[in-house]
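Trainee: Next up is a structure, given as structure tokens.
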Amino acid sequence: MARWRDLRQLTRGYRRWIALAAALSLLGSALALAQPLLAGKAIDTAAGGTVPWPVLGVLGGLFIAQASALALARWVQAYTGETMTRDLRRTVAGHVLRMRLSVLDRVRTGDVIARACGDTTIVKTLVAQSLGTGVAGIAGLIATVLVLGWLDRWLLALVVLLFSVAVGSLLAVVSRLRVASRMAQTAEGALTADLERALGGLRTVRACRAEPVEAARIDRAAGRAYTSNLRMAGLVALSGPTNDLAVSGAFLAVLLVGSTRVAAGETSLGRLVAFTLAMTYLSAPIYEIFQAVSAVQQGSGALHRINEVLSLPTERDHPVGIVPVQRHAGPVLEFRDVWFGYDPSRPVLRGISFAVPSRGHIALVGPSGAGKSTIFALAERFYEPDRGAVLLNGRDVRFTPYDRHRAAVGLVEQDCPLLAGSLRENLLYGAGPAVSESELSRVLAMTGLTGVVAALPRGLDTPVGERGRQLSGGQRQRVAIARCLLARPRVILLDEPTAHLDADSERALAVALREVAAVCALVVIAHRFSTVRSADRVLVIEGGVVAAEGTHEELLHVDEYYRRLAAQPLHP
């Protein structure tokens, strides 16, 4: 669970606001405690036949001041909690966006979302209900006990005895609340992850008629969350009646014992009324303390889950890498004896080596699982080699900042993911607003998108929908290629750019690729031989190594495996 050191770290930068909330709560408690004393004096004065108008006026002022102080304290608590939650979400989101893909491959996206959203809300409760209110509750409890002791120490002893039983019961509840809270938060994360899984692949779910399967899976997760939350709610619910019973029992006992003391002349009616009123204020600080302890127990579990995310490794630039990417006469991209496996015991690439010149078109061909997409993932630095080196402009990429590297190496994935937003936003994503309209128009023409944009109801400002679903597969692919071209990288990696294109669009794209290859390096994973034939050089990837290389015609004459590939359509 989260430690107090974590709580101190969490409150850094917010402590003065927490202190202000605690001070306002203390002021409200002090104003509340003054009221029974004045009320007792007013009753004793009224018993003598005089109406205590000045005392009543002061009491009215105290009521208004107390309400104002407590209202302001609650606002400060809410402001502090919301501000802290916003900043914590920024931290978690920034960390997740920089997290290593090898780590994200092992976690569930929905659970990470639950921690970034739901758990941070629970931590907000920790700040709002414990770190300020809890301190004020402790101070209010001490002050109330002192006032009660000054009014009547015998009645105070009776109240302490009755409340001790209630406090013991509350502590027993709190000790079980931490475990219940952690289980509930874990169940909520699992539910979010299952829902995200189903919605993310909704078309596949429907195509496979698997709605009942996913609904049952989500229902089981919802059931676990329901049970866990209900158990935690039951534990919290036990606190209210316990506290109320203690207050009611103490109130009746004080009235019975106190009335006998008044009748015996051991105290006055005014002091008994003052004690009774002050005793009613005793329940508030006790409840605040319990709420604070409960919030700590629940919030510590949430903070622990957030810290688990923040402890996951992120992409970090090598300290030597603060130098600009410079052009040089050699290859723009080079693999030297690169070994890599998603599972270290099962390498995908086995000592692969090749070089990409600063201009020209290189095609990668090979069967599924040969390592083509893994080469792209290493070239884009989604993963780092287990052995060997990847070089950009003759420099080991580990010594180049990630931003500079990815500005020089552009990637167009085969599934061409687009983001919710307008077409213009997707085209300029990563390129920035500095792209001129003429440059945008030129790239649209190169990728055959000019007619597509003209047919859209709002042109470039037309929303593309979630994951670009308002566009066809071929249109999404061309948008992804145009987006990459607008960023002007030195190397462009294309994962089968013609997979979703018709014959006319494919011919138009082939012309565009020749233009691109004349100004920068172009590496294409080819699944169609129309793409292979236009390449300046072809690399046959088989078993994680370069099995053969050369032009299309050369490989047809010298490589048996390539001839077999050429005899049938290539598949991803």
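Per mature numbering (1 follows the signal peptide of the UniProt record, and there is no 0), the sequence shown runs over residues -34 to -1, 1 to 538. Every residue gets a Cβ at the ideal spot worked out from N, C-alpha and C, and that includes glycine. Note that the coordinates shown come from a computational prediction; the quantities given were computed from them, not determined experimentally.
Smallest Cα separation from residue 348: which of 8, 66, 49, 76?
Mentor: On the sequence shown, position 382 is the one that residue 348 refers to. The shortest Cα separation from residue 348 among 8, 66, 49, 76 belongs to 66.
Trainee: Within the chosen definition, does the segment 329 to 341 reach the segment 41 to 53 through at least 3 CB pairs nearer than 8 Å?
Mentor: In short, these stretches do not touch, since the Cβ pair count stays below three.
Trainee: So residue 369 is in the alpha helix (DSSP H); what residue range does that whole segment cover?
Mentor: Taking the sequence shown and counting its residues from 1, one reaches residue 369 at position 403. Run containing residue 369: 368 to 374, per the alpha helix (DSSP H) assignment.
Trainee: Taking buried to mean at least 16 other C-beta atoms within 10 Å of its own C-beta, is residue 523 buried or exposed?
Mentor: Within the sequence shown, numbered from 1, the residue matching residue 523 stands at position 557. Burial call: exposed.
Trainee: From the DSSP secondary-structure annotation, give me the bridge partner or partners of residue 65.
Mentor: Here residue 65 refers to the residue found at position 99 when the sequence shown is read from its first residue. 280.
Trainee: How would you write the range of the alpha helix (DSSP H) that residue 417 sits in, first residue to last?
Mentor: For the purposes of this step, residue 417 is identified with residue 451 of the sequence shown, where counting begins at 1. Here the alpha helix (DSSP H) through residue 417 covers 416 to 421.
Trainee: Quick one, which of 326, 235, 171 has its alpha-carbon nearest residue 2's?
Mentor: The residue given as residue 2 occupies position 36 in the sequence shown. Nearest option by C-alpha distance: 235.
Trainee: Residue ranges of each beta strand (DSSP E) run of no fewer than 3 residues wholly in the segment 441 to 510, ordered along the chain?
Mentor: For the segment 441 to 510, whole beta strand (DSSP E) runs of length 3 or above, ordered along the chain, are 457 to 461, 487 to 491, 503 to 508.
Trainee: Taking the beta carbon of residue 267 as the centre, do at least 16 other beta carbons fall within 10 Å, making it buried, or is it exposed?
Mentor: Looking up residue 267 in the sequence shown gives position 301. Buried.
Trainee: Are residue 336 and residue 509 touching if we call contact CB-CB under 8 Å?
Mentor: As a working mapping, residue 336 is identified with position 370 in the sequence shown. As a working mapping, residue 509 is identified with position 543 in the sequence shown. Result yes, Cβ atoms of residue 336 and residue 509 sit closer than 8 Å.
Trainee: Is it buried or exposed for residue 127, if we count other Cβ within 10 angstroms and need 16 for buried?
Mentor: In the sequence shown, the residue the question calls residue 127 occupies position 161. Exposed, since its Cβ has fewer than 16 Cβ neighbours within 10 Å.
Trainee: Restricting to Cα atoms, I'd like to know which of 147, 35, 151 is closest to residue 544.
Mentor: A query on residue 544 cannot be resolved here, the shown segment of the chain reaching from -34 to 538 and no further.
Trainee: Distance check for residue -2 and residue 261, CA to CA, integer angstroms please.
Mentor: Mapped onto the sequence shown, residue 261 falls at position 295. Mapped onto the sequence shown, residue -2 falls at position 33. Taking the straight line joining both Cα atoms gives about 26 Å.
Trainee: Residues in its own chain within less than 7 Å of residue 195 by CB, not counting five upstream and five downstream?
Mentor: Translated into positions along the sequence shown, residue 195 becomes position 229. Closer than 7 Å at the Cβ level, and outside the excluded window around residue 195, lie 150.
Trainee: According to DSSP, what are the bridge partners of residue 388?
Mentor: Along the sequence shown, read from residue 1 onward, the residue named residue 388 stands at position 422. Answer by DSSP bridge pairing, in chain order: 429.
Trainee: Quick check on residue 300: does DSSP put it in helix, strand or coil?
Mentor: If you number the sequence shown from 1, residue 300 lands on position 334. Three-state DSSP puts residue 300 in a strand.
Trainee: Whole angstroms are fine: how far does the CA of residue -7 sit from the CA of residue -13?
Mentor: Here residue -13 is taken as the residue at index 22 of the sequence shown, counted from 1. Here residue -7 is taken as the residue at index 28 of the sequence shown, counted from 1. The straight-line gap from Cα to Cα measures roughly 10 Å.
Trainee: Going by DSSP, which residues form a beta bridge with residue 315?
Mentor: Taking the first residue of the sequence shown as 1, we reach residue 315 at position 349. DSSP, once it has assigned bridges, lists 306 as partnering residue 315.
Trainee: Helix, strand or coil: which one does DSSP assign to residue 516?
Mentor: Start at 1 with the first residue of the sequence shown, and residue 516 comes out as number 550. Residue state, collapsed to three classes: strand.
Trainee: Run through DSSP, which three-state label would residue 355 get?
Mentor: Here residue 355 refers to the residue found at position 389 when the sequence shown is read from its first residue. Note: residue 355 maps to strand in three-state DSSP.
Trainee: DSSP on residue 362, reduced to helix/strand/coil?
Mentor: Numbered from 1 along the sequence shown, position 396 holds the residue referred to as residue 362. Residue 362: strand per DSSP, three-state reduction.
Trainee: What residue range does the alpha helix (DSSP H) around residue 409 cover?
Mentor: Taking the first residue of the sequence shown as 1, we reach residue 409 at position 443. From DSSP, the alpha helix (DSSP H) with residue 409 extends over 403 to 412.
Trainee: When you compare each of 439, 477, 488, 142 to residue 201 by their alpha carbons, which one comes out closest?
Mentor: Sequence index remark: in the sequence shown, residue 201 carries index 235 (1-based). When each option's Cα is compared against that of residue 201, the closest is 142.
Trainee: Assign residue 522 to one of three DSSP states: helix, strand, or coil.
Mentor: For the purposes of this step, residue 522 is identified with residue 556 of the sequence shown, where counting begins at 1. The answer is helix: DSSP assigns residue 522 an H, G or I state.
Trainee: Cα separation between residue 228 and residue 238?
Mentor: As a first step, residue 228 must be located in the sequence shown, where it is residue number 262. As a first step, residue 238 must be located in the sequence shown, where it is residue number 272. Each residue's alpha carbon lies about 8 Å from the other.
Trainee: Under a Cβ-count criterion, where at least 16 other Cβ atoms within 10 Å of its own Cβ denotes burial, should residue 541 be classed as buried or exposed?
Mentor: This structure gives no information on residue 541, because the portion of the chain shown stretches from -34 to 538.
Trainee: Distance, Cα to Cα, residue 221 vs residue 242?
Mentor: In the sequence shown, the residue the question calls residue 221 occupies position 255. In the sequence shown, the residue the question calls residue 242 occupies position 276. Answer to the nearest angstrom: the Cα atoms are 8 Å apart.
Trainee: Taking the beta carbon of residue 288 as the centre, do at least 16 other beta carbons fall within 10 Å, making it buried, or is it exposed?
Mentor: As a working mapping, residue 288 is identified with position 322 in the sequence shown. Caution applies to residue 288, whose pLDDT of 45 falls short of 50 and renders its modelled position unreliable; the model cannot decide the point.
Trainee: Between the segment 452 to 462 and the segment 424 to 436, do at least 3 Cβ pairs fall closer than 8 Å?
Mentor: These segments do not touch.
Trainee: Beta carbon of residue 430, beta carbon of residue 384: below 8 Å?
Mentor: As a working note, residue 430 is residue 464 in the sequence shown. As a working note, residue 384 is residue 418 in the sequence shown. Their beta carbons are under 8 Å apart, which means residue 430 touches residue 384 by this criterion.
Trainee: Specify the secondary structure class of residue 342 as computed by DSSP and reduced to three states.
Mentor: Within the sequence shown, numbered from 1, the residue matching residue 342 stands at position 376. Helix.
Trainee: Under 8 Å, do residue 198 and residue 217 count as touching if we go by C-beta distance?
Mentor: Mapped onto the sequence shown, residue 198 falls at position 232. Mapped onto the sequence shown, residue 217 falls at position 251. No, these two residues do not count as a Cβ contact at 8 Å.
Trainee: Which residues in the same chain have their Cβ closer than 8 Å to the Cβ of residue 113, if we skip the five residues on either side of it in sequence?
Mentor: One-based indexing of the sequence shown puts residue 113 at position 147. Excluding positions up to five away in sequence, the list reads -2, 2, 3, 244.
Trainee: Measure the alpha-carbon distance for residue 537 versus residue 493 and round it to whole angstroms.
Mentor: Translated into the one-based positions of the sequence shown, residue 537 becomes position 571. Translated into the one-based positions of the sequence shown, residue 493 becomes position 527. In this prediction, residue 537 scores a pLDDT of 44, lower than 50, which makes its location untrustworthy; no coordinate-derived value is stated.
Trainee: Under three-state DSSP, which class holds residue 176?
Mentor: As a first step, residue 176 is located in the sequence shown; it is residue number 210 there, counting from the start. Correct three-state label for residue 176: coil.
Trainee: Report yes or no: do the segment 478 to 493 and the segment 348 to 367 share at least 3 C-beta pairs separated by less than 8 Å?
Mentor: The answer is no - the segment 348 to 367 does not touch the segment 478 to 493, with fewer than three Cβ pairs under 8 Å.
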